[in-house]
Amino acid sequence: MFKRTFQTGLAIGLVVAAAIAAAAITYERYDTKTLKRTIRRDAVLCGVNKGLPGFATPDDKGNWTGFDVDFCRAVAAAIFNDPSKVKFVALDASERFKELQSRKVDILSRNSTWSMSRETGYDLYFPAVAYYDGQGFMVPASRKVDTAVELDGSKVCVQDGTTTLLNLADYFRANNMRYTEVKFGKLDEVVAAYKDGRCDTFTADASQLYALRQTMPKPGDHTILPDLISKEPLAPVVRQRDDDWMMIVKWTLYAMINAEELGITSQNIDEALKSKKPDVMRLVGTEGAYGEELGLSKDWAARIIRHVGNYGEVYDRNVGKLGIPRGLNQLWSNGGIQYAPPIR
């Protein structure tokens with residue numbers, strides 16, 4: 001009798017333990033209370049690059065600037081009416097998705113490429129494309145290379161744990177070219193190897209190459225080739241199963257793009273609040289309840305524009321300074337492909 005009772009109790013205990021473990025995994029990956037936790041904390045936790053000019057760079061006092069940084073400030077402005085209510089967490093490429101999964105950050109705004117395997121493999125969601133990019137190559141100008149098809153036999157520096165590795169292999173194989181892969185886990189190790197001449201080619205997203213060229217002792221001694229060998233849609237990232245938070249992140253970006261299309265800037269937002277144009281009224285919150293449907297205030301988008309600016313303003317003051325042509329990131333009406341669904 002005792003044996004049977006003990007075995008039964010043991011079985012029940014194992015079932016309970018398994019249920020608790022399953023619940024823990026579900027809570028870990030499918031947490032649905034990010035907005036409530038963010039409001040209670042009074043700050044957005046934003047995962048960013050450890051240092052990439054134009055996108056996320058801290059100064060010696062810990063003040064962050066950059067395109068990705070400003071996006072997180074826009075989310076904070078929408079929620080709190082205060083863009084300073086953000087805590088930036090610097091993350092390596094190898095740890096960024098796991099740290100988002102484990103709730104170390106609320107949002108990842110860290111030049112991350114949207115791909116199917118990342119959504120399915122990490123149980124994450126990329127709400128919308130913030131920056132259209134593509135993988136390119138940088139070489140010493142002394143090599144006198146004009147196009148990527150002249151890179152046969154190159155020693156290529158590349159960062160491990162990124163989509164760059166597969167793109168590199170695919171490109172050289174498709175063009176029947178040979179190369180030697182020189183890979184490192186951390187970006188600063190890749191940069192150091194290139195500077196030291198341990199490789200004669202550096203591959204990464206084109207935006208990253210433009211940014212890193214600025215850090216070279218003599219930027220003019222390095223050429224960024226015109227070829228782009230991949231599609232790299234860079235997007236903010238959030239956890240799956242948290243639709244309320246995902247909607248806020250997605251529509252923060254769309255509000256900024258719509259604002260640029262409508263000609264609403266941080267300088268004329270007060271005039272926009274007086275506008276009688278339906279599209280403008282819906283965006284700034286003087287008509288409809290679109291912000292309240294997101295769990296925010298009526299003027300959520302006006303807060304973003306006032307404190308951070310529209311998409312073009314954020315681009316120009318950060319990425320534009322690197323000399324990167326806006327290209328695909330122009331509005332659809334200006335020859336690019338940045339296009340936001342309407343607020344209506």
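Under UniProt numbering, the first residue of the sequence shown carries the number 1, and numbering increases by one thereafter. For each residue, glycine too, the CB sits at the ideal point set by N, CA and C.
Would you mind reading off the limits of the beta strand (DSSP E) that contains residue i?
{"i": "Y131", "result": "Y131 to D133"}
{"i": "L234", "result": "E232 to L234"}
{"i": "G47", "result": "V44 to N49"}
{"i": "K183", "result": "Y179 to F184"}
{"i": "D200", "result": "Careful: D200 lies outside any beta strand (DSSP E) and carries neither H nor E."}
To the nearest angstrom, report how far apart residue i and residue j are at their CA atoms.
{"i": "G323", "j": "V238", "result": "30 Å"}
{"i": "residue 361", "j": "G335", "result": "With the chain covering only 1 through 344, there is no way to say anything about residue 361."}
{"i": "residue 347", "j": "L91", "result": "The chain is shown only over 1 to 344; residue 347 falls outside these bounds and no answer can be derived."}
{"i": "D59", "j": "K50", "result": "11 Å"}
{"i": "I269", "j": "K276", "result": "13 Å"}
{"i": "T201", "j": "C157", "result": "6 Å"}
{"i": "G47", "j": "E293", "result": "26 Å"}
{"i": "N81", "j": "W300", "result": "8 Å"}
{"i": "R303", "j": "G320", "result": "23 Å"}
{"i": "V249", "j": "N175", "result": "40 Å"}
{"i": "G134", "j": "R143", "result": "23 Å"}
{"i": "L209", "j": "K104", "result": "28 Å"}
{"i": "K298", "j": "V139", "result": "50 Å"}
{"i": "D170", "j": "I39", "result": "45 Å"}
{"i": "S266", "j": "A272", "result": "10 Å"}
{"i": "Q159", "j": "R41", "result": "35 Å"}
{"i": "R73", "j": "T223", "result": "33 Å"}
{"i": "V129", "j": "I337", "result": "10 Å"}
{"i": "E260", "j": "K87", "result": "27 Å"}
{"i": "S230", "j": "M116", "result": "15 Å"}
{"i": "P325", "j": "S207", "result": "10 Å"}
{"i": "D243", "j": "L228", "result": "34 Å"}
{"i": "V75", "j": "E150", "result": "44 Å"}
{"i": "R178", "j": "K155", "result": "9 Å"}
Secondary structure at residue i, three-state DSSP: helix, strand or coil?
{"i": "A90", "result": "strand"}
{"i": "A340", "result": "coil"}
{"i": "T57", "result": "strand"}
{"i": "T65", "result": "strand"}
By the DSSP assignment, the alpha helix (DSSP H) with residue i in it spans what residues?
{"i": "E287", "result": "From DSSP, E287 is part of no alpha helix (DSSP H); its letter is neither H nor E."}
{"i": "G312", "result": "Y311 to N318"}
{"i": "T34", "result": "T34 to R41"}
{"i": "R96", "result": "R96 to Q101"}
{"i": "D188", "result": "L187 to K195"}
Which whole-angstrom value describes the C-beta separation of residue i and residue j, a residue pair presumed to lie in contact below a C-beta threshold of 8 Å?
{"i": "M256", "j": "N310", "result": "5 Å"}
{"i": "Y132", "j": "P233", "result": "6 Å"}
{"i": "G197", "j": "S94", "result": "Their Cβ separation, rounded to whole angstroms, is 25 Å, which puts G197 and S94 out of contact at 8 Å."}
{"i": "G66", "j": "G54", "result": "6 Å"}
{"i": "G295", "j": "L35", "result": "6 Å"}
Confirm the yes/no value for this check: CB of residue i, any heavy atom of the ligand SAH, distance under 7 Å.
{"i": "A192", "result": "Ligands in the displayed structure: none, and consequently the ligand SAH is not present."}
Could one say the Cβ of residue i lies closer than 8 Å to chain D's Cβ atoms, at least one of them?
{"i": "D200", "result": "Among the chains of the structure shown, chain D does not appear; only one protein chain is present."}
Extract the residue ranges of the alpha helix (DSSP H) inside the segment 103-170, only unbroken runs of 4 or more that lie entirely within it. Taking only runs of at least 4 residues, the alpha helix (DSSP H) segments lying wholly in the segment 103-170 are 116-122.
Ignoring anything shorter than 3 residues or poking outside the segment 219-307, list the beta strand (DSSP E) runs there in chain order. 222-224 and 232-234
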